[in-house]
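>
Number of protein chains: 4
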Amino acid sequence: MSDTRTDASTFNIASDRAAYLEAYHAIRGQTDALAAGLSDADATAQSMADASPTKWHLAHTSWFFEEFVAAPILGDDCRFHADFSFLFNSYYDAVGARHSRPKRGLLTRPSLETVLDYRSHVDGLMSEILAAGHPELDDLVNLGFAHEQQHQELLLTDILHLFAQNPLRPSYRASPPQGETPSKAVALNWLQYGGGEFTLGHSGPDFTFDCEGPAHTVLLRPFALANRAVTNGEWLNFMTDGGYRTPRHWLSNGFAAAQAEGWESPLYWFYEDHVWSTMTLHGAQPVNMAAPVCHISFYEADAYASWIGARLPLESEWERVARRHPLQGNLQSSGHLRPIPQTQNDMAQPAGLFGDVWEWTASPFVPYPGFKPANGAVGEYNGKFMNGQMVLRGGSCVTPANHIRPTYRNFFDPDKRWQYAGLRLAKDI
Amino acid sequence: MSDTRTDASTFNIASDRAAYLEAYHAIRGQTDALAAGLSDADATAQSMADASPTKWHLAHTSWFFEEFVAAPILGDDCRFHADFSFLFNSYYDAVGARHSRPKRGLLTRPSLETVLDYRSHVDGLMSEILAAGHPELDDLVNLGFAHEQQHQELLLTDILHLFAQNPLRPSYRASPPQGETPSKAVALNWLQYGGGEFTLGHSGPDFTFDCEGPAHTVLLRPFALANRAVTNGEWLNFMTDGGYRTPRHWLSNGFAAAQAEGWESPLYWFYEDHVWSTMTLHGAQPVNMAAPVCHISFYEADAYASWIGARLPLESEWERVARRHPLQGNLQSSGHLRPIPQTQNDMAQPAGLFGDVWEWTASPFVPYPGFKPANGAVGEYNGKFMNGQMVLRGGSCVTPANHIRPTYRNFFDPDKRWQYAGLRLAKDI
Amino acid sequence: MSDTRTDASTFNIASDRAAYLEAYHAIRGQTDALAAGLSDADATAQSMADASPTKWHLAHTSWFFEEFVAAPILGDDCRFHADFSFLFNSYYDAVGARHSRPKRGLLTRPSLETVLDYRSHVDGLMSEILAAGHPELDDLVNLGFAHEQQHQELLLTDILHLFAQNPLRPSYRASPPQGETPSKAVALNWLQYGGGEFTLGHSGPDFTFDCEGPAHTVLLRPFALANRAVTNGEWLNFMTDGGYRTPRHWLSNGFAAAQAEGWESPLYWFYEDHVWSTMTLHGAQPVNMAAPVCHISFYEADAYASWIGARLPLESEWERVARRHPLQGNLQSSGHLRPIPQTQNDMAQPAGLFGDVWEWTASPFVPYPGFKPANGAVGEYNGKFMNGQMVLRGGSCVTPANHIRPTYRNFFDPDKRWQYAGLRLAKDI
Amino acid sequence: MSDTRTDASTFNIASDRAAYLEAYHAIRGQTDALAAGLSDADATAQSMADASPTKWHLAHTSWFFEEFVAAPILGDDCRFHADFSFLFNSYYDAVGARHSRPKRGLLTRPSLETVLDYRSHVDGLMSEILAAGHPELDDLVNLGFAHEQQHQELLLTDILHLFAQNPLRPSYRASPPQGETPSKAVALNWLQYGGGEFTLGHSGPDFTFDCEGPAHTVLLRPFALANRAVTNGEWLNFMTDGGYRTPRHWLSNGFAAAQAEGWESPLYWFYEDHVWSTMTLHGAQPVNMAAPVCHISFYEADAYASWIGARLPLESEWERVARRHPLQGNLQSSGHLRPIPQTQNDMAQPAGLFGDVWEWTASPFVPYPGFKPANGAVGEYNGKFMNGQMVLRGGSCVTPANHIRPTYRNFFDPDKRWQYAGLRLAKDI
């Protein structure tokens, strides 16, 4: 039911140019595959300023290769359209002016068809460049791969948000056969870990985002980590116990957000005909009480942990545990496209560290000691966002399997709920 | 170059059932024709809360017939889809709950194709009903005709606004041959009218909106009315004289709006390569300095009049003049889809009273003495909006020719600019 | 219990210079008297952007005389303080830049004491000028009188709003003896009036605001006017009948305002210990069910009229009736400082046309035909506000008795509630 | 010119009850002394939601003792006024409902005089309790001392903000003699520190805030710290180099804030007559280019560090250095009430670690490992704010000398500017 991640180095080490080109097409093709079945209108609409249209994801990822790889080598004449840099630059100030983010959904032109042509055009340029071999560009190409995969996840996340605004509750994909989903989760167990020095972060030649390094040693205290994520059923206990209305469990900003936005359950949940249901990429579905809770904010995760007398893990604690375990789980390629109950025969082993839901940590997204952003415009990729956001770890059911790794740091504002985010408890021992 | 309106009573007097049915199909077909050439995405996007998607206009006008004519006769089983009343009710509280107005642009489903199927379905129901003859419904059917035509105009107005947000500045329709457009406007002349009693408003059996009556007598003072609308060239004088930055010409609310929204020219104007251009339904075009100024708010119209030492006409003054003149002008059927220079051989006759631009008046939109809204939900059509808005008269280049009439009262908030609205000066004598 | 207004012409005709000077001091002294008993803090705070601090009213009215009367004659050296024009100009663009309106409450300096010194200083200058006799300034001085009196009313209105924000519910003045207040209102009766020509507005040499003219003839239709204002008890019926939650009674903008601001009763009402009470200038008091309802918006007044099957009067209808009746009522000088039950032995005569509550009319505040603002900065007094506001007539329990008259047009935005405003019903006959 | 802090344990160890009582009165008396000279109006106004009126600070600190110390012992009858808990509770949800924070400035009643009576009343209760000896309350009393001192600083910070909104630019206190202020700062020097284990945070019996512990060991890397804070003159270089308009120096949220709020210099600076001046507690004063820059946000501090190629210190780095140095500096008791140039004969020693300006660090305000909030309502003191804020260290020119210590963690949102906050640079070595 969940897949084991294939060797990530396939795409990261460019020793074999042919394989590299193949990897390029595989990743690009997966993006196209995710967009298949969406109409021009589906691909155009933007449901909120945080989300982007599918068409924009398709075009922006192409622009990334065009802007940072193709144009510097082939010259500006290679560009598909003179205005596309303005339209599809996301946030790179060093590149220049750009279209207003909240107005992305008003770009009914170019059409989806033209955007797909744009993708083909860029793929042609990149095939030429990768075939010619430009090892000096490997870092940027690798970044382009990772970037494309991030947007694959965002594409799915944003489509769910869009469809959830529609009273018709459309389905993005048919549900996989029910039989494949475990019916219950492993019982909760606290796994204990000793304290001491731990080297956090990435080092070595493989590609990672700049924010995953430098590797550096930290001192951990002994801690316990839950063997699985908090389930919807457990979350319902929090709800029925008045968790959303009891300020003492909450951070001050969190309770203010909950009040202002009227939070009473995870995002997308609704109570109809005496049943809790939720919007998913398969349309409205009953909440699976054994599956990890999803679409909650950091504030909710933190309040839950406080309510139950535990806490969220530090990212260093999470990484220490995750380093020891195989990179497998309910990731995008499993086809579930929603969290499923986390099972594990051995209760002494953690379940679901990777996949299902991104796990909110107690760690603010700040630079590791000695962090330096990359040179050039791509230095804006992560560094300028290192304020006010919280780190999430482990990937989700919509994360590409060969995109995630133990050192991967995702980050979102603490009040955001549309990501596939849940929580795993920790405590001091 | 401009057309004479055919007999409005064609559609209003239901003496001939076959002609009535034909009229139904003519009006409905015209809406379809206006939407032709727009993509699913074009038809879905909503550029601001004031505007609606094309798809929504197409569906809402169909819902109007379904809700107010078909369902009461044929029963709820005749409805195309159980949720469409929720999706496509605009503002009729008496009908029930409805989709949030600012979220109309997120309805990527139903698709444009499904909405066109919905239109066909309703047309089938209406054909049946009109063929059967239900004279008791004539008032509602006539209202449905007028309603459909209002939305034809709004569809065009809203598409222009949407396309104007797109940096690619798309064109909705190819421009008509340039030769058909007069190159200059008639010289400005003040036409003088005596005072006395005048019967304002509609009476008689023909269809009008409820707000056009009751007819009632008012006392007018002698006044002069400009023989044509203010032109873009004249407006440019106001701009270069600092009109937008001089508070003494402005109403207090108007100047505050101008400052808050950064008004420095009519909406859609932009200065590029030393030329003033403007977005039109034919894409970006040079401003035609001889044509009536368009896409201005009431506040701007009022400030211009103050600046030049004149005033806006009362709606009673306007109607008094318009009653005496043929209902012709640059209306939707001319195909210009933008204001053109107003010509007139006889300077003692007004030019362009109908068509080109809606003319802001000095009259707030309030009920005429003795006004009673219609019974039932359609009583919400106009009555509940009789506050805070200003009356406009005469129709525009996107108004259907057989929709406008001398007693027609259009109304918008004084700060709205996306309508095809301009001004004609008046003064006391 | 209510006083008859003394001859208004005392202050308006400047034939007797000594009386004129006396009038000046009487009016100025009344402002001081109203501020007596307020602390420096009371006089400094600003409870919302619409309201102004007492200290500001005291200073601004002095600035008015300094700016428009004293400085043009005596030169700028006569000014009390170089910065006070910046601090205490309200909205006269022609005079220059000014302090931000919503920040008036942050001016803890100058102190109340200094502001009173400023008043004395200006009174000295004005005594000198009025003693010297400058008939050419009479219009401006008369305007200064009327202006001062408007601010007397606003001072009381704004203090009530301020005190109503304070959980301690302070009292501005002790209540007058209860015995003086009638215990019930005259029964509701419809007074009928014929239609025809009526000359609306002021003409003649007496002072009025510019917006009260020019006098002009209008055609009225026969109408009926209620013999008294709507009472609190009647309003409670509207509330208990769900009036605040039923959209069909409301203008669309009105219902939106009621929902957005959570209106469920008149402003200042609160339900405590099973009793409806309300904040007054005498602190919290039980709602007097026989007294006119007060502190309602135009939207609420209109909704009530719609609910009960009547309408609001036009300002022309109101003025036609008021012209025939003595100018007496529960005005500021009665000392009640709140509306009291309207009594009348003769049910064929209207009660309470003047005083108690300003009566919302159905008439937007627009210029009368032929209106021209005064020359100079004082032309901004009324003219630039002739948009979006509704006319109120008749004065209230906090209006100076010699300030009100039948032609007086007060005006406020339709959603404002902090004025002493109520309603009197009208209907067609 | 700067004072050495007296023994903090005076107030923290309650071995001598008489000294404890004396300490109580000394601290309380200092608050009164700071408020002396402010008018009732000065003490009432609230210049923004983040700030509180002087009167509120005076009352809230008294309420703290009444609520948490006196009432539990003496019963609710000891309370001065039944409504004051509602009015003067700041944010303790466990205590109950409270007055709306942004409306604190509307409480013109109780008067300043009544609030001072309230203070006396509470002082009477506390004298009785402290004289009786209640060692079990020492923790709460000590917290009350620290709380009172925090509000002393806030009182001054908030008064400056209030006076800075006043175009008259009032002065809170006369300037101290100019001769006492050094005319230039020590030259910039980088002090180098080795890496390794460091025990961060407080342990031991002395009072600290809960957030200063538990003490725990962290690993530091070698680093350099500037020997003094960044000066106004250095900041001017940043400004003239376009620092405020160059996004690449800024965090993304920071640049957005700078644009949205129009930041072009530190808060309170203004350029007039060719000179940069700034508002201070002594009114408008020329900017002292040798003194530390003050009234900047974390975002600005971070952008400056980025611009100059350095970074902000971690709070652990700062504490490591500060632990070794005497607790002296330009604190509140020096009477300067503004930052002054930092001098130091020995360039190998840091200057101004304590006092002058709070120094923004790169550390988000998060709990130390093992942190547990105190029991009861006072557990809300710090814990619920551990999100989204940044740590500042070292105290400022308005911090009481016996309030600050090396482990002290102050915290504010990264966009706040009204605190006496500046920066000291750090870098990796």
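Residue numbers (the numbering used here), protein chains in the order written: chain A, 1166 to 1594; chain B, 1166 to 1594; chain C, 1166 to 1594; chain D, 1166 to 1594.
Heads up, the beta-carbon is just placed ideally off N, CA and C, and yes, glycines get one too.
Small disclaimer: the values here were computed from a predicted structure and weren't measured.
#1: Quick one: grab the DSSP three-state call for B:ALA1591.
#2: Near C:VAL1260, which residues of its chain fall below 6 Å by C-beta distance, leaving aside the five closest residues on each side in sequence?
#3: Please classify C:ARG1574: is it buried, with 16 or more other beta-carbons within 10 angstroms of its beta-carbon, or exposed?
#4: If you count every other CB in all the chains shown that lies within 10 Å of the CB of B:PHE1577, and 16 or more means buried, which is it?
#5: For the segment 1207-1230 of chain A, which residues have a CB atom closer than 7 Å to at least one CB atom of chain B, in sequence order?
#6: Work out the CA separation of B:GLN1493 and B:THR1169 for me, nearest whole Å.
#7: Should D:ASP1258 be flagged as near chain G, meaning a C-beta pair shorter than 8 Å?
#8: Is there a C-beta anywhere in chain B that falls below 8 Å from the one on C:LYS1268?
#9: Report the rounded CA-to-CA distance for D:ARG1266 versus D:LEU1477, giving the unit in angstroms.
#10: If you draw a straight line from the alpha carbon of C:ALA1311 to that of A:PHE1420, how long is it in whole angstroms?
#11: Rounded to the nearest angstrom, what separates C:ALA1262 and C:ASP1323 at their Cα positions?
#12: What does a CB cutoff of less than 6 Å around D:VAL1556 pick up in its chain, not counting 5 residues either side in sequence?
#13: Go to A:SER1471, then tell me how far its alpha helix (DSSP H) extends in each direction, as first and last residue.
#14: Any beta carbon of chain D sitting closer than 8 Å to that of C:THR1175?
#15: Any idea what DSSP makes of B:VAL1280, helix, strand or coil?
#16: Using a beta-carbon distance below 8 Å, is D:LEU1271 in contact with chain C?
#17: For D:SER1340, I'd like the list of residues in its chain whose CB is within less than 7 Å of its CB, leaving aside the five on either flank, ordered along the chain.
#18: Find the residues of chain C that neighbour D:ASP1205, judging by a C-beta separation of less than 7 Å, and give them in chain order.
#19: Pick from C:GLU1429, C:ARG1193 and C:TYR1464: whose alpha carbon is nearest that of C:GLY1289?
#20: Pull the bridge partners of B:ARG1193 from the DSSP assignment, please.
#21: For a quick check, are the C-beta atoms of D:TRP1523 and D:TYR1585 less than 8 Å apart?
#22: Just tell me which of B:ASN1547, B:PHE1519 and B:GLY1520 has its CA closest to the CA of B:PRO1532.
#23: Checking contacts by CB at 8 Å: is D:ALA1389 closer than that to chain A?
#24: So, with DSSP's three-state summary, where would you put B:THR1226?
#25: Please find out if some non-hydrogen atom of the ligand FAD comes closer than 7 Å to the beta-carbon of A:GLU1301.
#26: Which of helix, strand or coil does DSSP assign to B:GLY1361?
#27: What do you get for D:HIS1568, buried or exposed, if any count of 16 or more other CB atoms within 10 angstroms of its CB means buried?
#28: Whose C-alpha, out of D:LYS1537, D:THR1219 and D:ASP1282, is nearest the C-alpha of D:ARG1244?
#29: Kindly list, in the order they appear in chain A, the residues whose Cβ is closer than 7 Å to that of B:ASP1248.
#30: Would you mind reading off the limits of the alpha helix (DSSP H) that contains A:HIS1381?
#31: Using CA coordinates, which residue listed in A:PHE1372, A:GLY1398 and A:PHE1374 is at the minimum distance from A:LYS1349?
#32: Go ahead and label A:LYS1220 buried or exposed: buried means 16 or more other beta carbons lie within 10 angstroms of its beta carbon, across all protein chains shown.
#33: Are the Cβ atoms of A:THR1396 and A:PRO1457 separated by less than 8 Å?
#34: Between C:LEU1502 and chain B, is any beta-carbon pair separated by less than 8 Å?
#35: Report buried or exposed for A:GLN1211, applying the criterion of at least 16 other Cβ atoms within 10 angstroms of its Cβ.
#36: For D:ALA1183, count neighbouring Cβ atoms within 10 angstroms of its own Cβ and tell me buried if that reaches 16, exposed if not.
Result, derived from the coordinates:
#1: Residue state, collapsed to three classes: strand.
#2: Excluding five sequence positions before and after C:VAL1260, the CB atoms of its chain that fall closer than 6 Å to its own CB belong to ASN1254 and ALA1542, given in chain order.
#3: If you draw a 10 Å sphere on the C-beta of C:ARG1574, you find 16 or more other C-beta atoms in it, and that means buried.
#4: It counts as buried.
#5: Listed in sequence order: ASP1207, THR1209, ALA1210 and SER1212.
#6: Low local confidence applies: a pLDDT of 32 at B:THR1169 is under 50, so the model's placement there is unreliable, and no value is given.
#7: Chain labels in this structure do not include chain G; the protein chains are A, B, C and D.
#8: Not closer than 8 Å to any Cβ of chain B, the Cβ of C:LYS1268 fails to qualify, so no.
#9: In a straight line, the C-alpha of D:ARG1266 is about 32 Å away from that of D:LEU1477.
#10: The straight-line gap from Cα to Cα measures roughly 51 Å.
#11: If I take the Cα positions, the gap works out to 24 Å.
#12: Counting only Cβ-Cβ distances below 6 Å, and skipping sequence neighbours, we find GLU1480, THR1526, SER1528, PHE1530, ARG1574 and PHE1576.
#13: Here the alpha helix (DSSP H) through A:SER1471 covers 1463-1473.
#14: The pLDDT assigned to C:THR1175 is 43, lower than 50, so where the model puts this residue is not dependable, and the model offers no usable value.
#15: Residue state for B:VAL1280 is assigned as helix, using DSSP reduced to three classes.
#16: D:LEU1271 counts as touching chain C.
#17: Excluding sequence neighbours, D:SER1340 sits near HIS1447.
#18: Think of a sphere of 7 Å around the beta carbon of D:ASP1205: the chain C residues whose beta carbon falls inside it are SER1204, ASP1205 and ALA1206, in chain order.
#19: C:GLY1289 has its Cα closest to that of C:ARG1193, out of C:GLU1429, C:ARG1193 and C:TYR1464.
#20: Looking at the DSSP output, B:ARG1193 sits in no beta bridge, so it has no partner there.
#21: Going by beta carbons, D:TRP1523 and D:TYR1585 fall inside the 8 Å limit.
#22: Ranking the options by Cα distance to B:PRO1532, first place goes to B:ASN1547.
#23: By this cut-off, D:ALA1389 is not an interface position.
#24: DSSP places B:THR1226 in helix when its eight states are reduced to three.
#25: You won't find the ligand FAD in this model; it holds no ligand whatsoever.
#26: DSSP places B:GLY1361 in strand when its eight states are reduced to three.
#27: By the neighbour-count rule (16 or more Cβ atoms within 10 Å), D:HIS1568 is buried.
#28: The option with the nearest alpha carbon to D:ARG1244 is D:ASP1282.
#29: Among the residues of chain A, those whose CB is under 7 Å from the CB of B:ASP1248 are PRO1332 and LEU1333, following chain order.
#30: Element bounds for A:HIS1381: not the alpha helix (DSSP H) but the beta strand (DSSP E), 1381-1385.
#31: Scanning A:PHE1372, A:GLY1398 and A:PHE1374 for the CA closest to the CA of A:LYS1349 turns up A:GLY1398.
#32: So A:LYS1220 ends up on the buried side.
#33: Going by C-beta atoms, A:THR1396 is nearer than 8 Å to A:PRO1457.
#34: No, C:LEU1502 does not count as interfacial toward chain B.
#35: Per the 10 Å Cβ criterion, buried.
#36: D:ALA1183 is exposed by the Cβ-count criterion.
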